[in-house]
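Everything below concerns the one structure shown next.
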Amino acid sequence: MKNSSLAILVAAAVVSTSAYSAHTFTNDAGDSLTLDGRFDVRYQDSGGDSTGVWNSGSSRFGLKGEMGLDNGWTGFGHAEWGYNSGANGNNIYDRLLYAGVSHDVYGKIAAGTKQWSTFYDVAWFTDLGRVFGTRGSGVYNLSDWGIASGTGRAENSITYRNKINSDLSYGFTYQTTRENVKLSGSDRTGGTNNTATATLKNGLGASMQYRGIEGITLGVSYHQNELDNVSSNVAGAKDGDMMRIMLVGANYTNGGLYVGATAHVGENWESVETSITGNALIDTLGGEIYTYYHFANGLRPTLNYNYLEERGNLTEGYQRNLLIPGMEYHFQKNKFLVWTEYQFDLGNDSLNTAESKFDNRDDQFAAGVRYYF
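In structure tokens, the structure reads:
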């Protein structure tokens, strides 16, 4: 969507004559439109000889609509855009777009070009870092961070969610064919093209969560895709093979304390550039822990640990091993805050093309200001 068109749409909602509360606008029929999002200004230093940069981080804004339908049904839609500026560039890009219907008995079904998958219903337990982390659960794989594969903001998908009772809920995801998906690699100078691609078909996913223990949520999720048209420079998988991942997780909340943990096993799930001319789809094993304590004075120390390794020998030692302590101060809890994170890289996931091996990355630092509206 062009910037001018988007600005007109937002302005029309803001100046609406409908009654409103906070950022939600409601007309006489009870239909509602909500504006939400966040401003995120960030400084990031990638270590080594790199120069620190300022950027817009994960700034975004969205529109959510709801309207009542007959027989207890509700229609809804959600569109969200991200904004890049500073070192990120200067553009607006789409993050979410879906619409559907929901019912207290029959559940919630949605279709969209991008929407959070049911796999993410469990993966979010540890996806709480401000910039670093979420590199051990398998949710953000391939070159687009889980969009094509269906574990993050799944593209071209239909989702269904419902509950058996107040303690037990479940969901399903289906994705149509996604062609020319970039797996890993890069278009190099000097005429060497190391980009790996494939077609992903019949994306299927499911999840289940249990909340029957006070303060605790348990979850399990699964997703798979069938591979086709796999690039000739990809090792480890061929046409007709499956990409699969299973994730288990738990979280615990008690007052200011939060602890989340996830662990996954994957087949042909992560794509890794392995040499100057080759790529590999690897089997993986990994997990994450994220915890914080929110003090009454607004301070929130955080700790994030991620681990992922290959379950084979295609990469000869590829390993993610990240320890990420952080500190936040919330002027208003989960509304306006300043934060900082430092990532200690203890693994070997940086490709050394000269020696065809993986080396340790430099430690990284980031700090920022975030305002949710």
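Per mature numbering (1 follows the signal peptide of the UniProt record, and there is no 0): the sequence shown = residues -21 to -1, 1 to 352.
Note that CB positions come from ideal geometry on N, CA and C, so glycine has one too.
All figures in this text were calculated on a predicted structure; none of them were measured in a lab.
First through last residue of the alpha helix (DSSP H) which encompasses residue i
i	result
D100	Y99 to A102
Sequence-distant residues of its chain with Cβ nearer than 7 Å to residue i (five each side left out)
i	result
D19	S35, G36, S37, S38, G347 and R349
L264	V244, E288 and R290
T30	none
N135	T92, Q154, T155 and R157
Range of the contiguous beta strand (DSSP E) that encloses residue i
i	result
H309	Q298 to Q311
W318	F315 to D324
K142	R132 to K142
Y286	L278 to E289
F151	L147 to Q154
D123	Premise fails: D123 is in no beta strand (DSSP E) and is neither H nor E.
K87	G86 to W95
A78	N70 to H82
R340	Neither: R340 is in no beta strand (DSSP E) and is coded neither H nor E.
K161	R157 to S163
Cut-off 6 Å between Cβ atoms - residues of its own chain near residue i, not counting five sequence neighbours on either side
i	result
A240	A229 and I268
I137	A90 and Y153
G44	L12 and G56
Y284	I268 and L302
D106	T113
D24	G31 and F344
N141	G86
F315	Y350
N204	L179, G182 and M222
Y237	Y271
Three-state secondary structure (DSSP) of residue i
i	result
D49	helix
T3	strand
S335	coil
T30	coil
V(-7)	Below a pLDDT of 50, predicted positions are generally treated as unreliable, and V(-7), at 45, falls in that range; no measurement from the model is reported.
T113	coil
T263	strand
T253	coil
T294	coil
T196	strand
T105	helix
V209	coil
A214	strand
G56	strand
G191	strand
G170	The pLDDT assigned to G170 is 41, lower than 50, so where the model puts this residue is not dependable; a value taken from the coordinates is nonetheless given after this. It is helical.
Min CB distance residue i to chain C below 9 Å
i	result
A127	Of the protein chains in this structure there is only one, and it is not chain C.
DSSP beta-bridge partners of residue i
i	result
V20	V348
H202	G184 and I224
V238	Y231 and T270
S11	T5 and E45
R39	R17 and G61
I176	Per the sequence presented here, residue 176 reads as Thr, with Ile not at that position. Per DSSP, K161.
V118	Note: V118 sits in no beta bridge, so no partner.
S329	D338
N258	V213 and E252
G245	I224 and T263
Rounded Cβ spacing between residue i and residue j (contact assumed at less than 8 Å)
i	j	result
N247	M225	About 13 Å; that fails the 8 Å criterion.
N159	T176	5 Å
residue 364	M46	Limits of the chain in this structure are -21 at one end and 352 at the other, which puts residue 364 out of reach.
Q94	A133	6 Å
S96	G117	That pair is no contact at about 12 Å.
A259	V199	Going by Cβ atoms, the distance from A259 to V199 rounds to 27 Å, so no, they are not a contact pair.
S250	L162	4 Å
G41	L75	7 Å
G150	A102	Rounded, the Cβ-Cβ distance is 12 Å, inconsistent with contact.
Sequence-distant residues of the same chain with beta carbon closer than 8 Å to residue i, five excluded per side
i	result
L48	G54 and V80
S329	F337, D338, N339 and R340
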